[in-house]
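**Student:**
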Amino acid sequence: MNLAIVIVIAAALALVIILRLAVTQSLQSKPRSDLAVSIRPIDIEAFRNLIDPAEDEYLRSRLPANQFRGVRRERLRAMAAYVHAAASNAAVLVRVGETALASGDQRIAGAAQQLVHDALLLRRNSTVALARIYLALAWPYSGFAAVRVVERYERVSGTAMLLGRLQNPAVPVRLSGRL
Amino acid sequence: MLQPHSLLWHYLWLAPNVLQAALAVLLWYRGLQRQFPVFVGYLIFGAIEQFTLYGMDVAPSVSAEAYWSASWVGLIVEAMLIVAVIGELSFQLLQGRPAIARIGSRLISGAGAVLVLLAVLAAAYAPVFHRPPALISHADLLMFRAYVIMQSSYLIDCGLVLALFLFASHFGLRWNHRGFGIALGFGIVWCEHLATWALIASGTLLDKRLDFLNMATYHACVLMWFYFLLVPQKSATTSAVSLPENNLDIWNRELERLLQQ
Numbered sequence: 009m010n011l012a013i014v015i016v017i018a019a020a021l022a023l024v025i026i027l028r029l030a031v032t033q034s035l036q037s038k039p040r041s042d043l044a045v046s047i048r049p050i051d052i053e054a055f056r057n058l059i060d061p062a063e064d065e066y067l068r069s070r071l072p073a074n075q076f077r078g079v080r081r082e083r084l085r086a087m088a089a090y091v092h093a094a095a096s097n098a099a100v101l102v103r104v105g106e107t108a109l110a111s112g113d114q115r116i117a118g119a120a121q122q123l124v125h126d127a128l129l130l131r132r133n134s135t136v137a138l139a140r141i142y143l144a145l146a147w148p149y150s151g152f153a154a155v156r157v158v159e160r161y162e163r164v165s166g167t168a169m170l171l172g173r174l175q176n177p178a179v180p181v182r183l184s185g186r187l
Numbered sequence: 007m008l009q010p011h012s013l014l015w016h017y018l019w020l021a022p023n024v025l026q027a028a029l030a031v032l033l034w035y036r037g038l039q040r041q042f043p044v045f046v047g048y049l050i051f052g053a054i055e056q057f058t059l060y061g062m063d064v065a066p067s068v069s070a071e072a073y074w075s076a077s078w079v080g081l082i083v084e085a086m087l088i089v090a091v092i093g094e095l096s097f098q099l100l101q102g103r104p105a106i107a108r109i110g111s112r113l114i115s116g117a118g119a120v121l122v123l124l125a126v127l128a129a130a131y132a133p134v135f136h137r138p139p140a141l142i143s144h145a146d147l148l149m150f151r152a153y154v155i156m157q158s159s160y161l162i163d164c165g166l167v168l169a170l171f172l173f174a175s176h177f178g179l180r181w182n183h184r185g186f187g188i189a190l191g192f193g194i195v196w197c198e199h200l201a202t203w204a205l206i207a208s209g210t211l212l213d214k215r216l217d218f219l220n221m222a223t224y225h226a227c228v229l230m231w232f233y234f235l236l237v238p239q240k241s242a243t244t245s246a247v248s249l250p251e252n253n254l255d256i257w258n259r260e261l262e263r264l265l266q267q
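Chains as they are written, first to last, in our numbering: chain A, 9 to 187; chain B, 7 to 267.
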């Protein structure tokens, strides 16, 4: 295929993506009251258990190599599902926080700033963790620490809860629970 | 280098640049040059560059070689300014977000490096001559090379603005209203310019209508900037976010349990 045609197709694709993202951004910038409904509660304890290196070591010592690889892959897939949920929750919390940033109340604005900061860190860590999980799926014997995602998630949950309380003391918020 | 052109052609060349110069003055008047100094610089430089080139194009005494030499200088300065504008937009996007400032600037710089490499490869594979060598003058050579430079420049710009949009979308970042308008305008123009200059530079399609398409798109983009930069954004009322019911206690208990471990 002619190089020019390849560039034209790439430019058209880039334009479609930019326009689509711009429309999404415009829709997101409208204040929505149902944002928090899209938060998926996560069972932190189950996730913590899933990423515990001692559990992996125990399974490795007890199971034959091929069986361990299968079990490890299953655990990694479950881990990825949890991290996906944490990442999408973080994205929602960034939007919740940025909506609240414009608040005239200093306490709310401060809590919102903290929430945005923590949620962005969680989003970043989730992206890195997901990349490592997918890498580990290809090579199940490699070990890695997803603990930072859990720690960050707990911290984000705390700031989201604080912001929720400041904004609307009567209405509760939940970021943890059964997936 | 006097060439016969339609009235629409003259309008589409001049009008966006008159509007661009007016926009720069209005932005300066409103003090917005402090927020977007490089973008205002780009508007001023772009208007001066295009008025100069227009003057050279319609003046019979100016040779084609002089016109394309001036065009070359303009292209190089403009390309540097555009990269600086993208830097300004990414700074605006990452400002106040220290959690992702470093990773953001690294990703954008990395994308820039990859795009420069792609642009060099595309330029290396672009056919420069569409005529027998005997019929190629020095002015033709300058013109064909200017086309390739434009293709390379728009490839980098288009890729960088796409990277900015993808980055903002991935992290759920909210753009500043004005920054969003500038990025969107540039995104549309650069993608369209990349496609047309790729066709022109390769000689796949040498049609005067592509000039009209380029100029009309840029005109629309300048009007878009007028809207985003000068029309005040509707102030969003920050109502309390409605949150799921009856879960706070459960979350509190769980958090306390986690903290006690």
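The beta carbon of each residue, even a glycine, is placed where N, CA and C say it ideally should be.
1) Do W196 of chain B and C164 of chain B come within 8 Å of each other at the CB atom, strictly closer than that value?
2) Taking Cβ-Cβ distances below 9 Å as the criterion, which residues of the region 178-197 of chain B are in contact with chain A?
3) In three-state DSSP terms, what is I50 of chain A?
4) So, are the CB atoms of V228 of chain B and F192 of chain B less than 8 Å apart?
5) For I82 of chain B, which option in B:Y48, B:A130, B:A117, B:R103 has the closest C-alpha, if you only look at C-alpha atoms?
6) Would you mind reading off the limits of the alpha helix (DSSP H) that contains S75 of chain B?
7) In chain B, what lies closer than 7 Å to E106 of chain A by C-beta?
8) What residue from A:A127, A:T32, A:A73 has the CA that sits closest to A94 of chain A's CA?
9) Note down the Cα distance separating L95 of chain B from G185 of chain B, rounded to an integer number of angstroms.
10) Count the other CB atoms, across all protein chains shown, that sit within 10 Å of the CB of P49 of chain A; report buried if there are 16 or more and exposed otherwise.
11) Which value, in whole angstroms, describes the spacing of the CA atoms of V2 of chain A and G37 of chain B?
12) Does T210 of chain B get closer than 8 Å to chain A when you measure Cβ to Cβ?
13) Compute the distance between the beta-carbons of L59 of chain B and G80 of chain B, then report whether it is under 8 Å.
14) How would you list, in chain order, the residues of chain A whose beta-carbon sits under 8 Å from the beta-carbon of I92 of chain B?
15) For chain B, find out if any of its Cβ atoms is closer than 8 Å to the Cβ of V198 of chain A; answer yes or no.
16) Distance, Cα to Cα, G52 of chain B vs I88 of chain B?
17) Please identify, using Cβ separations under 8 Å, the residues of the region 77-93 of chain A that lie next to chain B, in order along the chain.
18) Does any residue of chain A bring its CB to less than 8 Å from the CB of A128 of chain B?
19) Could you tell me whether the Cβ of Y131 of chain B comes closer than 8 Å to any Cβ of chain A?
20) Quick one: residues in its chain with C-beta nearer than 6 Å to the C-beta of L211 of chain B, no 5 flanking neighbours on either side, listed in chain order?
21) Nearest chain A C-beta to S175 of chain B closer than 8 Å, yes or no?
22) If you run the structure through DSSP and keep just helix, strand and coil, what is H16 of chain B?
23) Compute the beta-carbon to beta-carbon distance between N97 of chain A and I15 of chain A, rounded to the nearest angstrom, for a pair I have assumed lies under 8 Å.
24) When you compare each of B:V46, B:M156, B:A21, B:Y17 to W74 of chain B by their alpha carbons, which one comes out closest?
25) What are the residues in the region 89-113 of chain B lying within 9 Å of chain A by C-beta distance?
26) Which bits of chain B does R140 of chain A rub up against, with CB to CB less than 7 Å?
27) Under 8 Å between C-beta atoms, does C227 of chain B make it to chain A?
28) Out of B:R40, B:T223, B:L200, state which residue places its alpha-carbon closest to the alpha-carbon of I13 of chain A.
29) Cβ of F171 of chain B less than 8 Å from any chain A Cβ?
30) Could you tell me if R131 of chain A is buried or exposed, where buried requires 16 or more neighbouring beta carbons within 10 angstroms of its beta carbon?
31) To the nearest angstrom, how far is it from the Cα of R103 of chain B to the Cα of A30 of chain B?
32) Nearest chain C C-beta to V16 of chain A closer than 8 Å, yes or no?
33) I'd like the span of the alpha helix (DSSP H) that includes H11 of chain B, first residue to last.
34) So, is the C-beta of I25 of chain A closer than 8 Å to a C-beta in chain B?
**Tutor:** Considering the structure as presented:
1) yes
2) G178, L179, R180, W181, H183, F186, A189, L190, G193, I194, W196, C197
3) strand
4) no
5) B:Y48
6) 70-100
7) R180
8) A:A127
9) 6 Å
10) buried
11) The first residue shown for chain A is 9 and the last is 187, placing residue 2 of chain A beyond what the model contains.
12) yes
13) yes
14) Going along chain A, no residue has its Cβ under 8 Å from I92 of chain B, so there is no contact; the nearest lies around 13 Å.
15) With chain A covering 9 to 187 only, the question about residue 198 of chain A has no answer from this structure.
16) 10 Å
17) none
18) yes
19) yes
20) L205
21) yes
22) helix
23) Not a contact, Cβ separation roughly 39 Å.
24) B:M156
25) G102, R103, P104, A105, I106, I109
26) Correct list: empty, because the minimum Cβ distance to chain B is about 15 Å.
27) no
28) B:L200
29) yes
30) buried
31) 29 Å
32) Although the question refers to chain C, the structure presented lacks it and instead comprises the protein chains A and B.
33) Looking at the DSSP string, H11 of chain B is not in any alpha helix (DSSP H), and its letter there is neither H nor E.
34) yes
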